[in-house]
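Following numbering that gives the first Met the number 0, the numbering of the sequence shown begins with 0 at its first residue and continues without gaps. The beta carbon of each residue, even a glycine, is placed where N, CA and C say it ideally should be.
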Amino acid sequence: MCRLFSITSKDPLSPMVAIRALDVMKEGHDGSGLGIFLTDLGGDFEQF
Numbered sequence: 000m001c002r003l004f005s006i007t008s009k010d011p012l013s014p015m016v017a018i019r020a021l022d023v024m025k026e027g028h029d030g031s032g033l034g035i036f037l038t039d040l041g042g043d044f045e046q047f
């Protein structure tokens, strides 16, 4: 299984952000192991 996440920030972030992203991918809603973690979106995606 491969787990991939990307974090882009102008300010330093806590390592817990990465751990939360990995935790979400631990198991998806259907048991597939796929999870989506979106937080603090900006631009066109800010409304989501």
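- Counting along the chain, the unbroken alpha helix (DSSP H) around Ile18 starts and ends at 15-23.
- DSSP, reduced to helix, strand and coil, places Phe44 within a helical segment of the structure shown.
- Around the beta carbon of Ala20, 16 or more other beta carbons lie within 10 angstroms, which makes this residue buried.
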